[in-house]
Amino acid sequence: MKEITDPIVKHFRQLYDIDISKFDDAFLSRSILKRSADTLCDSPSSYCKHMEQNDWEGKRFLDSLHIGYSEFFRNPLTFLILERFIIPEILLKLKNTHRQEIRIWSAACAAGEEAYSLAMILEEQKHSNNGKWNYRIFASDISKEQIVKANTSTYSSETLNNMSLKRIRKWFTESPHAGLYDNKVFHINPVLKQNIEFSVFDLFNEQLSSPSGSIFGDFDIVICANLLFYYKTRRRKTILEKTGNALTNGGYLITGETERNFLFRNQYHEVFPESTIFRKNRV
Ligand SMILES: C[S@@+](CC[C@H](N)C(=O)[O-])C[C@H]1O[C@@H](n2cnc3c(N)ncnc32)[C@H](O)[C@@H]1O
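Start counting the sequence shown at 1266; every next residue gets the next number (the numbering used here).
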């Protein structure tokens, strides 16, 4: 595997001062082989030469490492538990501590599907219990393109597969113009944008502990889902440390389904059996 990854890792280090060795080796070599095939290069070394001769290929390759796939309510069980148990519990805590705001960080938000799903739940609860509380969602991603998409907030019908028709009708309007391959296109209700702040933020940023707009962290919930497995174990720990430290006392950390095991080895316990919702163990 090293003979596939090493030349490209070296190339990025020398030319752009970017360390791509933090990515998981198997994922990195699969990505190199895929881009080599897409560019008709017959070996990783000829792909490396192709990269040296074509400036844009470096950016193309880097983009291919940041897979931006997401869906609304991607893990339905997680969102159900949030809606039925976690948010009501946090609201009770707010009442007892005279706080008025729920603070959430969607730490690898892609095009905003996760953050908007949370905003739907919170808006619905606010409406149903006539609450005098507020919420703020800080949603960040390393990819500027994804943040632009999140702000544009236009989605294809495939991203809505986990949603009830009732929710789709409430929170989206269908565009009169069809999208790619004649697919339906949906615009998000602007009400959902009011309490979300999107920004570009690299979770490996060594200067800042959370997106600058959020100032002091102290989040009730941090969702860091479906990106840990792209990185080496040591780097996953760095991300988990950062997101864990940004939580308020007793706050919840949420991962993707296939990433649950990373947390068991990292001072967390699951709140509901088989769920992806965790709390820090007391030390
Ligand atoms: C597969 S998407 C997951 C989106 C969403 N969290 C979900 O579960 O559906 C992974 C996202 O992680 C982002 N990402 C990867 N590395 C990152 C980093 N170091 N800092 C912040 N975002 C990162 C990618 O740009 C991509 O949008």
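Ideal Cβ positions, reconstructed from N, Cα and C, are used throughout, including at glycine. Predicted model, so just to flag it, every value in this text is computed and none were measured.
| request: Ignoring anything shorter than 4 residues or poking outside the stretch 1300–1359, list the alpha helix (DSSP H) runs there in chain order. | output: 1309–1318, 1320–1330, 1341–1346
| query | Got a sec: does ligand 3 put a non-hydrogen atom nearer than 7 angstroms to the Cβ of Glu1379? | reply | In the structure on display, ligand 3 does not appear, and the ligands it does have are ligand 1.
| message | Can you give me the C-alpha to C-alpha distance between Thr1424 and Asn1448, rounded to a whole angstrom? | response | Approximately 12 angstroms, taken between the alpha carbons.
| query | How long is the line joining the alpha carbons of Ile1412 and Cys1313, rounded to whole angstroms? | reply | 29 angstroms
| Straight-line gap, Ser1464 to Glu1539 (C-alpha atoms, nearest Å) | Roughly 31 angstroms between the two C-alpha positions.
| said: If you reduce the DSSP assignment to three classes, tell me which class His1276 lands in. | reply: helix
| request: May I ask you to list the residues that DSSP assigns as paired with Thr1419? | output: His1452
| query | Near Gly1333, which residues of its chain fall below 7 angstroms by C-beta distance, leaving aside the five closest residues on each side in sequence? | reply | Ala1375, Ala1376, Ser1408, Gln1411
| Nearest residue (CA-CA) to Glu1378, options Asn1399, Tyr1533, Ser1405 | Ser1405
| message | Against chain C, does Pro1455 count as a neighbour if the rule is that its beta carbon must be under 8 angstroms from one of theirs? | response | Included in the structure is just one protein chain, with no chain C present.
| task | For Gln1390, collect the residues of the same chain with a Cβ closer than 8 angstroms to its Cβ; drop the 5 residues on either side in sequence, then sort them by chain order. | result | Glu1348, Ile1352, Pro1353, Leu1356, Gly1396
| Is Ser1335 near ligand 1, with its Cβ less than 7 angstroms from a heavy atom? | yes
| query | DSSP puts Val1487 in a beta bridge; with which residues? | reply | Trp1370, Leu1518
| message | Quick check on this structure: which residue in Phe1451, Asn1427, Ile1504 has the alpha carbon closest to the alpha carbon of Phe1469? | response | Ile1504
| query | Are the beta-carbon atoms belonging to Phe1527 and Arg1500 less than 8 angstroms from one another? | reply | no
| query | How would you write the range of the alpha helix (DSSP H) that Ala1239 sits in, first residue to last? | reply | In the structure as shown, the chain begins at 1266 and stops at 1548. Residue 1239 is therefore absent and cannot be evaluated.
| query | When burial is assigned at 16 or more other CB atoms within 10 Å of the CB, is Leu1345 buried or exposed? | reply | exposed
| query | Got a sec, what are the start and stop residues for the alpha helix (DSSP H) Ile1402 sits in? | reply | Here Ile1402 belongs to no alpha helix (DSSP H); instead the beta strand (DSSP E) covers 1399–1406.
| Can you round the beta-carbon distance between Pro1272 and Pro1309 to whole angstroms, since I take them to be within the 8 angstroms contact cut? | Confirmed, Cβ separation roughly 6 angstroms.
| Do Gln1472 and ligand 1 come close, with the Cβ less than 7 angstroms from some heavy atom? | no
| said: By the three-class DSSP mapping on this structure, what secondary structure does Phe1466 have? | reply: Three-state DSSP puts Phe1466 in coil, outside helix and strand.
| message | So, with DSSP's three-state summary, where would you put Glu1539? | response | coil
| field | For Asp1307, the nearest candidate out of Asp1290, Ile1269, Phe1326 (CA to CA) | value | Nearest in C-alpha terms to Asp1307, of all of Asp1290, Ile1269, Phe1326, is Ile1269.
| said: According to DSSP, Lys1545 sits in a beta bridge with which residue or residues? | reply: Tyr1533
| Does any heavy atom of ligand 1 sit closer than 7 angstroms to the C-beta of Gln1532? | no
| query | Near His1315, which residues of its chain fall below 7 angstroms by C-beta distance, leaving aside the five closest residues on each side in sequence? | reply | Cβ neighbours of His1315 beyond the five flanking positions: Thr1304, Cys1306, Glu1322.
| said: Determine whether the beta carbon atoms of Asn1427 and Phe1338 lie at a separation below 8 angstroms. | reply: Cβ distance < 8 angstroms, so Asn1427 and Phe1338 count as in contact.
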